[in-house]
Amino acid sequence: MKRVTRTLRRFWPLYLMFLPGVVYLFINCYIPMFGIQIAFRRYNAKDGVYGSPWVGFENFKFLFQTDDAFIMVRNTLLYNLVFIALGTVLAISVAIILNEIRNQFAKQLYQTLILIPYLISMVIVSYLAFAFLSTGNGYINNTLLKVLGIPAIDWYNTPKYWPFILVLINVWKGLGYNMILYYATICGIDHTLYEAAVVDGANRWQQITNVTLPCLKSTIIILTLMSLGGIFRSDFGLFYQVPQNSGPLINVTQTIDTYVYRGLMQSNNIGMSSAAGLYQSVVGFILVVTANLVVRKVDAESSLF
Amino acid sequence: MMVDNKKGFQIFANVLMTFLAICALAPFILLIMSSITDEQALIMNGYSFWPSKFSLYSYRYLLTKSSAVARGYVISAVVTVIGTVCHLLLTTLYAYPLSRHELPGRNVFAFYLFFTMLFSGGLVPAYLMWTQTFHIRNTIFALLIPGLMMNGFNVIMMRTYFTSNIPDAIVEAARVDGANEFTILFGIVMPMAMPIVATISLLVGLAYWNDWMNGLYYLNDNSMYSIQVLLMKIQRNLDQLRQQAQSGGNVQIADMPSTSIRMALTVMGILPIMVIYPFLQKYFVKGIAIGAVKG
């Protein structure tokens with residue numbers, strides 16, 4: 014007891030500093046965590062989150078009886094896998110090529126320009142995409158396809174193109190960001206390694222495969238694992254705003270996040286929406302924890318815990 | 131031979147990077163060009179990189195006839211500034227005691243923070259709480275508070291900076307001199323931590339400026355729309371500007387160049403970022419590099 018008082022007397026200002034953050038996190042994060050129980054209730058506005066009647070796993074039963082559950086999980090996982098694979102390969106290739114460029118000014122300029130798409134919101138991206146894809150006066154239909162003599166395509170009503178469009182937009186927006194992650198590591202590689210390789214007669218390509226890539230290995234593993242930890246989450250803006258919430262595209266644009274939003278705000282199906290949300294949170298939690306446990310094995314410094 | 135090879139590679143690398151840079155920029159050029167295209171030309175020829183007829187009408191319209199843009203700018207700016215300051219304050223106040231290794235029980239607070247990065251209640255409970263318990267709908271708080279005001283990664287980034295760049299001896303010396311913890315933090319530690327403060331401010335400021343999802347969830351009163359929320363809502367309801375012109379009474383609905391106005395508005399949404407980005411590019415890059423690897 015005496016020790017507690019002594020600790021408090023000495024450290025109270027430090028504990029006091031935690032207070033605003035503790036309160037904010039409690040409201041913003043912890044109350045919603047308790048609120049997750051509505052997935053097990055039949056929600057009605059009158060009784061609220063904590064008073065609506067319990068229904069056990071009914072919401073989940075309904076959710077998994079629909080095709081929606083399969084479609085949204087399939088889309089979320091597949092898009093993320095493609096984003097991670099393609100994003101990583103392109104980012105590493107571009108980072109290596111950028112590093113080879115001699116002209117310092119050009120190097121800086123390329124890096125600056127490629128990062129620009131990362132800085133804008135998905136709402137802006139959706140306007141940019143529309144300028145290209147608009148059926149009536151979009152650049153592709155009106156100029157590119159006209160020149161090639163191909164009839165106009167009704168992009169926002171044709172699902173088969175959207176997996177490519179969404180991957181392209183994701184790569185376009187994320188390339189600068191991902192490239193910097195790897196470029197930072199490449200810049201940190203010890204120069205004497207390259208000098209030694211040159212002495213051994215290695216050409217440029219051999220330097221890349223024998224020095225650069227091995228030095229990048231742990232960064233690649235860590236970043237990929239971290240991305241895999243988030244594979245159950247999706248960028249709501251990319252899948253909802255960019256396709257302009259177009260009905261015919263739902264089959265290829267529905268992810269868990271868009272389903273939860275649509276259930277909550279549009280079809281007013283709070284039960285199934287919250288069940289999908291809880292499913293996402295729990296699987297996401299398992300994935301993040303697993304990813305971090307593996308990362309800790311690779312490099313303890315980079316793990317969250 | 132060797133020299134030629136090197137030269138060839140340099141050309142290849144520069145051509146490739148130039149191509150990527152053009153790809154990154156092309157949509158923005160199309161956007162800017164469309165915003166200064168005459169509406170009739172836009173309807174006739176569609177979006178194009180070189181308009182057949184230029185017109186600055188949409189900018190004139192947005193700057194003189196529509197109050198939505200000016201209001202949107204003010205709201206975006208206010209939210210970005212207040213939000214960033216609050217975020218920094220919360221982050222610093224949490225990160226500093228976490229970095230004091232002599233503090234008993236700091237692991238409890240570290241876990242309390244980490245857990246929010248691992249598990250989340252998701253949208254539905256958060257939405258119900260903000261709207262029903264806190265009645266945040268259609269208030270400025272809707273754009274400021276939910277989700278954006280504190281973030282585990284930034285706290286960890288700052289704590290790591292404190293532990294590796296602020297010598298214990300300095301803190302100890304200040305304590306011996308009788309300085310209290312708040313004076314130490316804001317008078318001694320913070321001035322030494324300006325690089326990380328700058329980096330986090332930029333990333334947070336960008337997040338606030340670009341946010342439209344809080345507007346999507348919690349706003350439907352158009353007097354509260356920030357510029358991003360305005361753009362998002364317009365995409366949902368392309369008639370909105372038309373209605374404003376109607377109530378303003380100055381403009382005939384028929385001659386409203388809606389497409390180029392939308393493009394001009396989009397340009398205005400990214401303009402502040404594009405203006406400051408070249409000057410602060412270095413900090414953005416640094417923020418991304420440390421943020422992700424040391425996250």
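Those sequence lines, one after another, are chains A and B. The number in my numbering is simply the position in the first sequence, starting from 1, with 13 added. The number in my numbering is simply the position in the second sequence, starting from 1, with 130 added. Ideal Cβ positions, reconstructed from N, Cα and C, are used throughout, including at glycine.
DSSP places B/Thr167 within a strand segment (E or B) once states are collapsed to three. Counting only unbroken stretches of 4 or more residues, the alpha helix (DSSP H) elements lying wholly within the region 215-259 of chain A are 217-220 and 226-242, in sequence order. The beta carbon of A/Val136 sits closer than 8 Å to the beta carbons of Gly250 and Gln254 from its chain, once the five residues preceding and following it are set aside; these are given in chain order.
Nearest CB-CB separation between B/Ser178 and chain A: below the 9 Å threshold. Approximately 21 Å separates the beta-carbon atoms of A/Leu38 and B/Thr269; this is outside 8 Å, ruling out the contact.
A/Arg54 is bridged by DSSP to A/Trp67. Between A/Leu188 and A/Ile127, the CB-CB gap stays under 9 Å.
The count of Cβ pairs closer than 8 Å, one atom from the region 188-197 of chain A and one from the region 107-126 of chain A, reaches three, so the stretches are in contact.
The beta-carbon of B/Pro181 is placed no less than 9 Å from the nearest beta-carbon of chain A. The Cβ atoms of A/Ser134 and B/Gln358 lie closer than 9 Å to each other. Classified as exposed, B/Ile300 has fewer than 16 neighbouring CB atoms from the shown chains inside 10 Å of its CB. For B/Leu243, the enclosing alpha helix (DSSP H) has its first and last residue at Arg236 to Leu248.
When the beta-carbon positions are compared, A/Arg217 and B/Lys136 come within less than 9 Å of each other.
In this structure the region 259-275 of chain A touches the region 151-171 of chain A; the number of beta carbon pairs closer than 8 Å is three or more. For A/Ile44, the residues of chain B that pass the 9 Å Cβ criterion are Gly251, Pro255, Ala256, Met259 and Thr263, in the order they occur in the chain. By the 16-neighbour rule on beta-carbons within 10 angstroms, B/Pro408 is exposed. Around B/Ala151, the beta-carbon contacts reaching into chain A at under 7 Å are Tyr123, Leu126 and Ile127. CA-CA distance, A/Leu90 to A/Thr268, rounds to 9 Å. Using a C-beta cut-off of 8 Å, the region 141-154 of chain A makes no contact with the region 202-217 of chain A, since fewer than three inter-stretch Cβ pairs fall below that distance. With respect to chain A, the C-beta atom of B/Tyr407 has a partner C-beta closer than 9 Å. If you draw a 10 Å sphere on the C-beta of A/Arg19, you find fewer than 16 other C-beta atoms in it, and that means exposed.
In this structure, A/Ile234 lies away from A/Leu300, with their beta-carbon atoms at least 9 Å apart. In terms of Cβ geometry, B/Asn144 and A/Ile129 do not form a close pair [threshold 9 Å]. Shown here for A/Val308: same chain residues with a beta carbon closer than 6 Å to its own, the five before and five after excluded, namely Ile235, Leu238, Ser315 and Ser316 in chain order.
Beta-bridge analysis with DSSP links A/Phe24 to no other residue. As the crow flies, the alpha-carbon of B/Cys216 is around 51 Å from that of A/Ala210. Only those residues of the region 279-301 of chain A whose C-beta falls short of 8 Å from the nearest C-beta of chain B are listed: Ile283, Ser286, Ser287, Gly290, Leu291, Gln293, Ser294, Gly297, Phe298 and Val301. Note on geometry: alpha-carbon atoms of B/Pro321 and B/Met288 lie some 13 Å from one another.
The DSSP-derived three-state label of A/Phe318 is coil.
Here B/Ser165 is near B/Thr396, since their CB atoms are less than 9 Å apart. In the structure shown, B/Phe264 falls within a coil segment according to DSSP collapsed to helix, strand and coil. Taking the CA atoms as reference points, A/Phe118 sits about 19 Å from B/Gly138. Counting along the chain, A/Asn191 sits inside the alpha helix (DSSP H) bounded by residues Trp175 to Cys200. The criterion of a C-beta distance shorter than 9 Å is satisfied by B/Val209 and B/Ser356. Apart from the 5 residues on each side of it in sequence, B/Val285 sits with its Cβ closer than 8 Å to the Cβ of Thr221, Tyr224, Ala225, Leu228 and Leu243 in its chain, given in chain order.
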